[in-house]
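A short worksheet on the structure shown next.
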Amino acid sequence: VSHCDYTDDSMEDESASVEKESRCGGELHNTGYRMSVKGWFYDKRRGQCRQVIFGDNHWDNRRNQFQTSSDCRNTCRDKVPTYCFATSQENKRTKSYPMFTYNATQGVCVSISAENNSPKTNVFRSEKKCNETCRDPDLGPCGPSAVTSCGDKNGKTRFSFNADAQTCGRDPCGPFTTLEHCYERCGKFVQVKCNIQNTTSRICDTQETRYWYNLDLKKCVSMTGCEDDTTNFKTAEECWKTCSRGSRCLKDPVKGRFPLKLTSYYYYDVKHNTCNTTRLFWSRTSNKNLFKNLEDCIKVCKA
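Following this line, the structure appears as structure tokens:
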């Protein structure tokens, strides 16, 4: 009697694919223990490997927890070459030439100076080659080929990301069920983040005050978000300078030189996001960083 060892490669591949989907698409696995161990998890909604603090150092390769960013990327972002996440070194020497490198955090190819193109170190001779190699695979469901079956049976509105216009919009064949989810996943590919709704990640390792531009109010507004958010701004100053550079809130404040003058006014300090008082004899306030009362300053400028 003869016995043959037979392995169905297709079944192994399918099993590995199911295991990967279960791990990368699963919820963040964190125990209630009190250790403070730095690790990574794959955020499917953002399509990114994100850093997080775990409660223990027991690494389970069946769960959504990874010891290193490389391990997470190799497992869950394997369609994007690993070198696209590398930080290239700019060369300021006279023999350097204009090149491009992929900034994975911002989702864009940016210009640098380097002696030679070396894709394996995330340096490309042209922006087109950089986009084809790194950005386009990184787009994933944000890319133009990401479509689902048209005609939702429940009649729900769907959304897709337009990479050229850098906006999310209604699309009957779009891969996203909500506008918020579209921007949460594709927001990093929006280079000027002034037309994005108030969006933050659902999972935060560290929460902090962030800022987003409210088109209806035409001002920057504070919000609670994550320190690694890609859809808003870290400071009020960055928000104002990006989205409303001509605003009176960015003008040099009008300050009185002598504290004993008669009339109190207020001006906006964009670096500290505060409305401060000053004293002047009299001054016009129209179109200046100067306000007759605190309420006006807060209404117009304070995020």
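Heads up: the sequence shown at position 170 corresponds to 170 in full-length UniProt numbering, and the numbers run straight through without jumps.
Ideal Cβ placement from N, Cα and C applies to all residues, glycine included.
Keeping to the same chain, check which residues put their C-beta closer than 8 angstroms to that of V37; ignore five residues upstream and five downstream.
As a position in the sequence shown, residue 37 is number 37, starting the count at 1. Contacts found: I53, F54, G55, D56 and N57.
Nearest candidate by alpha-carbon position, reference L294, set N287, T277 and R34:
Within the sequence shown, residue 294 is the residue found at index 294, counting from 1. It is T277.
Taking T199 as the reference, give the member of K156, V192 and R185 with the closest Cα.
Sequence index remark: in the sequence shown, residue 199 carries index 199 (1-based). Closest by alpha carbon: R185.
Classify H3: buried if its beta carbon has 16 or more other beta carbons within 10 angstroms, exposed otherwise.
The residue you call residue 3 lines up with position 3 of the sequence shown. Below a pLDDT of 50, predicted positions are generally treated as unreliable, and H3, at 46, falls in that range; no measurement from the model is reported.
Kindly indicate which residue of G47, K79, T242 and G39 has the alpha-carbon position closest to the one of N61.
As a position in the sequence shown, residue 61 is number 61, starting the count at 1. Cα-wise, what sits closest to N61 is G39.
One question on the structure: do A114 and V108 come within less than 7 angstroms of each other, judged by their Cβ atoms?
Within the sequence shown, the letter at position 114 stands for residue 114. Within the sequence shown, the letter at position 108 stands for residue 108. In this structure, A114 keeps its C-beta atom at 7 angstroms or more from the C-beta atom of V108.
Between the stretch 196-211 and the stretch 227-241, do three or more beta carbon pairs fall short of 8 angstroms?
As far as the Cβ criterion goes, the stretch 196-211 touches the stretch 227-241, which means the pair count is three or higher.
Which of helix, strand or coil does DSSP assign to L215?
Mapped onto the sequence shown, residue 215 falls at position 215. It is coil, neither helix nor strand.
Would DSSP call W40 helix, strand or coil?
For this step, residue 40 is matched to residue 40 along the sequence shown. Correct three-state label for W40: strand.
Give the DSSP-derived three-state secondary structure of S286 in the structure shown.
Walking along the sequence shown from the start, residue 286 turns up at place 286. Three-state DSSP puts S286 in coil, outside helix and strand.
Extent of the continuous beta strand (DSSP E) run through D269:
Here the question's residue 269 lines up with position 269 in the sequence shown. Run containing D269: T263 to D269, per the beta strand (DSSP E) assignment.
Go to T242, then tell me how far its alpha helix (DSSP H) extends in each direction, as first and last residue.
Numbered from its first residue, the sequence shown carries residue 242 at position 242. Where T242 is concerned, the enclosing alpha helix (DSSP H) stretches over A236 to C243.
When you compare each of P137, T105 and M99 to P119 by their alpha carbons, which one comes out closest?
Position 119 of the sequence shown, counted from the start, is the residue given in the question as residue 119. Taking only the C-alpha atoms, the option nearest P119 is M99.
If N74 and F41 are in contact, beta carbons under 8 angstroms, what's the gap, nearest whole angstrom?
As a first step, residue 74 is located in the sequence shown; it is residue number 74 there, counting from the start. As a first step, residue 41 is located in the sequence shown; it is residue number 41 there, counting from the start. 14 angstroms between Cβ atoms; not a contact.
Could you have a look at E208 and say whether DSSP puts it in helix, strand or coil?
Taking the first residue of the sequence shown as 1, we reach residue 208 at position 208. In the structure shown, E208 sits in a strand (DSSP, three-state: E or B).
If you drop the 5 nearest sequence neighbours on each side, which residues of the same chain put their C-beta closer than 8 angstroms to that of D252?
Residue mapping note: residue 252 aligns to position 252 of the sequence shown, counting from 1. Exclusion of the five residues before and after D252 leaves N289 as the residues of its chain whose Cβ lies within less than 8 angstroms of its Cβ.
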